[in-house]
Amino acid sequence: MAYWVNAVALPVLFLFFAYIPKNLKIDQENNKSEKPKNNSRKINGKIWLLALFIFLFNSIFAFVSIKFATLVIEKGYGTAQDASTLLGIMSFAMAAGGFIYMALPQAIKNFSLSTSIGCGLLAFFIFSVSNTLLVSSIGVILVGISVSMTMVSTMSSVGAFTSPTQVPFSTSVVITIANIGTLIAPYTAQGFGALFKNNSAEFTFICGTVIFGLLLIFVLWIGFNYKKLVYHSNK
Numbered sequence: 079m080a081y082w083v084n085a086v087a088l089p090v091l092f093l094f095f096a097y098i099p100k101n102l103k104i105d106q107e108n109n110k111s112e113k114p115k116n117n118s119r120k121i122n123g124k125i126w127l128l129a130l131f132i133f134l135f136n137s138i139f140a141f142v143s144i145k146f147a148t149l150v151i152e153k154g155y156g157t158a159q160d161a162s163t164l165l166g167i168m169s170f171a172m173a174a175g176g177f178i179y180m181a182l183p184q185a186i187k188n189f190s191l192s193t194s195i196g197c198g199l200l201a202f203f204i205f206s207v208s209n210t211l212l213v214s215s216i217g218v219i220l221v222g223i224s225v226s227m228t229m230v231s232t233m234s235s236v237g238a239f240t241s242p243t244q245v246p247f248s249t250s251v252v253i254t255i256a257n258i259g260t261l262i263a264p265y266t267a268q269g270f271g272a273l274f275k276n277n278s279a280e281f282t283f284i285c286g287t288v289i290f291g292l293l294l295i296f297v298l299w300i301g302f303n304y305k306k307l308v309y310h311s312n313k
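The working numbering applies: residue 79 is where the sequence shown begins, and numbers increase by one.
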């Protein structure tokens, strides 16, 4: 029955079919006259950086799925069922994150990754220090918003940082690497525990907080340099 929470994705699916054009065209500044080239499978350095970023993000974010219930039980302020309930709330927060991104003014969207990673950083810090379900629920909501905003912002950046002919392949590469990050997340958590000889769930989230802090520095750099990173066909 717990898997029925995934039905929350169905309204998003219907909205996609209703409002997203069948022929989605990516408009970039100064590239309207660009003709297709035979380099559609070329990946530039900016895309590889985004791929590495989303790989690390997914590797760390997945700690919530694999360690949150253990954290709640270890700290003694809830049960596995309580943790499952909060993770269900996270699904709704993920849907809200997409709407928050759409509501952001264009000027602020350059810093949407900074906003989303900031939410993730705060969420992991809350998990590390929380001793109540109420406080942890705030972290769950923040991390849900972080996940959806980060994915949308990253895909948007892929479309902005490379030529239209390279966007489909670049997007596929980034998504594939992101999924690999999620896949190896249990081993990432295990690796932190083995490296520092501390396998507690609390320590895992402390490590995640540090990584999110480093990611925040990176996406702040992207935000301040966004206009320089955007692809221009005359380059």
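Ideal Cβ positions, reconstructed from N, Cα and C, are used throughout, including at glycine.
If you count every other CB in all the chains shown that lies within 10 Å of the CB of residue i, and 16 or more means buried, which is it?
i: residue 193; result: buried
i: residue 218; result: buried
i: residue 295; result: exposed
i: residue 224; result: buried
i: residue 141; result: buried
i: residue 306; result: exposed
i: residue 175; result: buried
i: residue 158; result: exposed
i: residue 88; result: exposed
i: residue 267; result: buried
i: residue 230; result: buried
i: residue 86; result: exposed
i: residue 95; result: exposed
i: residue 244; result: buried
i: residue 222; result: buried
Output yes or no for whether 8 Å exceeds the beta carbon distance between residue i and residue j.
i: residue 206; j: residue 214; result: no
i: residue 311; j: residue 241; result: yes
i: residue 226; j: residue 236; result: no
i: residue 220; j: residue 301; result: no
i: residue 293; j: residue 131; result: yes
i: residue 128; j: residue 232; result: yes
i: residue 297; j: residue 151; result: no
i: residue 286; j: residue 277; result: no
i: residue 304; j: residue 188; result: yes
Can you tell me the Cβ-Cβ gap for residue i and residue j, rounded? I've got them flagged as a contact below 8 Å.
i: residue 258; j: residue 133; result: 7 Å
i: residue 279; j: residue 149; result: 4 Å
i: residue 309; j: residue 238; result: 7 Å
i: residue 160; j: residue 211; result: 6 Å
i: residue 145; j: residue 283; result: 7 Å
i: residue 90; j: residue 166; result: With 8 Å as the limit, residue 90 and residue 166 do not qualify as a contact, their Cβ atoms being about 16 Å apart.
i: residue 181; j: residue 162; result: That pair is no contact at about 30 Å.
Any chance the CB of residue i is under 7 Å from a heavy atom of the ligand GTP?
i: residue 133; result: In the structure shown, the ligand GTP is absent, as is every other ligand, since no ligand is present at all.
Can we say the region 159–174 touches the region 121–132, given the rule of at least three CB pairs closer than 8 Å? Segments in contact, no.
Could you tell me which whole alpha helix (DSSP H) segments of length 4 or greater appear in the region 155–191?
Those alpha helix (DSSP H) runs which fall completely within the region 155–191 and span 4+ residues are 158–181, 184–187.
key: Cβ contact (3+ pairs, closer than 8 Å) linking the region 134–142 and the region 261–269   = Short answer: they touch.
So, do the region 247–255 and the region 188–202 have three or more beta carbon pairs nearer to each other than 8 Å? The region 247–255 vs the region 188–202: no contact.
Quiz item: Can you list the alpha helix (DSSP H) stretches of 4 or more residues lying completely in the region 119–150, in chain order?
Solution: Look at the region 119–150 and you find these whole runs of alpha helix (DSSP H), each 4 residues long or longer: 123–139.
Starting from the N-terminal side, write out each stretch of the alpha helix (DSSP H) that is 4 residues or longer and does not extend beyond the region 214–275. Counting whole runs of 4 or more residues, the region 214–275 contains the alpha helix (DSSP H) stretches 245–261, 263–274.
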